[in-house]
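The listed protein sequences correspond, in order, to chains A and B.
Residues in the first sequence are numbered consecutively from -13, following the working numbering.
Residues in the second sequence are numbered consecutively from -13, following the working numbering.
Reading through the structure tokens given below for one structure.
2 protein chains.
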Amino acid sequence: MKALEEKILREGTCIGDNILKVDNFLNHQLDVKFMDEMGEELARIFKENNPSKILTVESSGIAIAQSASRALGYIPVVFAKKTAPSTMIEDCYTAEAISFTKGTSSILRVSKNFLSEGDRVLIVDDFLARGEAGLALVSICEQAKAKVVGFSAAIEKKHQGGSAKLREKGIKVQSLAVIDTMHDGKVYFE
Amino acid sequence: MKALEEKILREGTCIGDNILKVDNFLNHQLDVKFMDEMGEELARIFKENNPSKILTVESSGIAIAQSASRALGYIPVVFAKKTAPSTMIEDCYTAEAISFTKGTSSILRVSKNFLSEGDRVLIVDDFLARGEAGLALVSICEQAKAKVVGFSAAIEKKHQGGSAKLREKGIKVQSLAVIDTMHDGKVYFE
């Protein structure tokens, strides 16, 4: 998505050779009009796969998932939780994920009420780096016997290998902007 | 908002006399079409206050904030963070908030890049109970010298006193559904 690549070049900041900071429109402040444009693009790519539900993970995936839902005719969004609130008393599917940017490990949780056999799941997230969160969400779908019909990150850092791991599982992976490498404070797209 | 009250009665579950679980459409699964209806209602209520920015807190506030932004002509959304990722290296406004449902204390953080004097801020959140998160967000706006032009929660539990504390500060508080009391597993609206 050309507009996203341009926005990353204009508004993003590189921290070292692996971290891209896009707090200006995606991870802290949200450019909602642009989110909706990303949602339209996701619908264009994944409409043919006929998703019935979107799965993401809190927090930064929520905005993209919501825009994609709208563009796909308001299919439900489910966001995996990283902590268990006192209200989460029912059975959950769980999978561990290590955050690359936060350096922390989380147990992702999805209530068994919201994912089941027969669901055709489009997984979306803000970033795809080493694929930790992505693989955890796929594992949760497998536990629920739901079918993963596609995976997209707004920004994929291909050199960190996550997309290759997801494709090995036979999943259609198509991200909106694919970074080939980052070095000397610059981003190079595929 | 009548439709929200009906949805709470239909899909919500009471846990004790103070906790309302609405994971079905707001806190775990998102009914995005309904989010957009809530966003339209927020725009109707707060348009006259001419907000230039929406402030919320991750995670469940994000979806409502995004829908409200769209309905208000795509004004920027900023979500306060509860943890500091490794990318958050700049100066922040901070305030402590204790979560009623999670029983945990968090330091809410907003980068100084995204809130400043001259901003007219509409604060939105999923719940307003004792007002801990709300008052923390107001404090963050005060630190930034930004003006709080309104406050709305999707669901206000009036008996827990948060709305009164915010009104004492001279803030226009208008929530979408106002619960008077909860007892014996039932919700009673104002």
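A virtual CB, placed ideally from N, CA and C, is assigned to each residue, including glycine.
Asked: Proximity to Thr73 of chain A [Cα-Cα], best of B:Ser72, B:Gly171, B:Leu6; Found: B:Leu6
Asked: Within-8 Å CB hit, Thr129 of chain A to chain B; Found: Per the sequence shown, residue 129 of chain A should be read as Gln rather than Thr. Output row for Gln129 of chain A: interface = no.
Asked: For Thr167 of chain A, the nearest candidate out of A:Thr42, A:Ala150, A:Glu142 (CA to CA); Found: A:Glu142
Asked: Rounded distance between the beta-carbons of Val135 of chain A and Leu101 of chain A, thought under 8 Å; Found: That belief does not hold up - the Cβ atoms of Leu101 of chain A and Val135 of chain A are roughly 13 Å apart, past 8 Å.
Asked: Closest residue to Val110 of chain B among B:Thr87, B:Leu(-5), B:Asp17, B:Pro37 (Cα-Cα distance); Found: B:Pro37
Asked: For Gly104 of chain A, the nearest candidate out of A:Ser92, A:Lys133, A:Leu(-5), A:Asn10 (CA to CA); Found: A:Lys133
Asked: Contact with chain B by Ser38 of chain A, beta-carbon distance below 8 Å; Found: no
Asked: Every unbroken beta strand (DSSP E) inside the stretch 37 to 68 of chain A [3 residues or more]; Found: 39 to 43, 63 to 66
Asked: Unbroken beta strand (DSSP E) run spanning Glu142 of chain B, endpoints; Found: 133 to 143
Asked: Residues within the stretch 96 to 114 of chain B neighbouring chain A, beta-carbon criterion of under 7 Å; Found: Ser97, Phe100
Asked: Closest Cα partner of Tyr219 of chain A within the set A:Arg(-4), A:Ala122, A:Lys33, A:Gly25; Found: The structure shown does not extend to residue 219 of chain A, since chain A is modelled only from -13 to 176, so the question has no answer here.
Asked: Sequence-distant residues of its chain with Cβ nearer than 8 Å to Met24 of chain A (five each side left out); Found: Met(-13), Leu(-10), Ile50, Ser53, Ala54, Ala140, Leu162
Asked: Boundaries of the beta strand (DSSP E) in which Ala115 of chain A is found, first to last residue; Found: Careful: Ala115 of chain A lies outside any beta strand (DSSP E) and carries neither H nor E.
Asked: C-alpha distance - Leu114 of chain A paired with Thr90 of chain B, whole-angstrom precision; Found: 30 Å
Asked: Below-8 Å beta-carbon distance, Arg30 of chain B vs any chain A residue; Found: no
Asked: Residue from A:Leu28, A:Arg30, A:Thr69 with nearest C-alpha to Glu44 of chain A; Found: A:Thr69
Asked: Proximity below 8 Å, CB of Arg116 of chain A to CB of Gly147 of chain A; Found: yes
Asked: Alpha-carbon to alpha-carbon, Leu152 of chain B and Asn10 of chain A; Found: 29 Å
Asked: Paired residues, beta bridge with Thr80 of chain B - DSSP; Found: B:Arg95
Asked: C-alpha distance - Ile48 of chain B paired with Ser138 of chain B, whole-angstrom precision; Found: 13 Å
Asked: For Ile109 of chain B: DSSP bridge partner residues; Found: B:Leu41, B:Phe137
Asked: Amino acids of chain A, ordered along the chain, whose beta-carbon sits closer than 8 Å to that of Val173 of chain B; Found: Simply none; closest approach about 15 Å.
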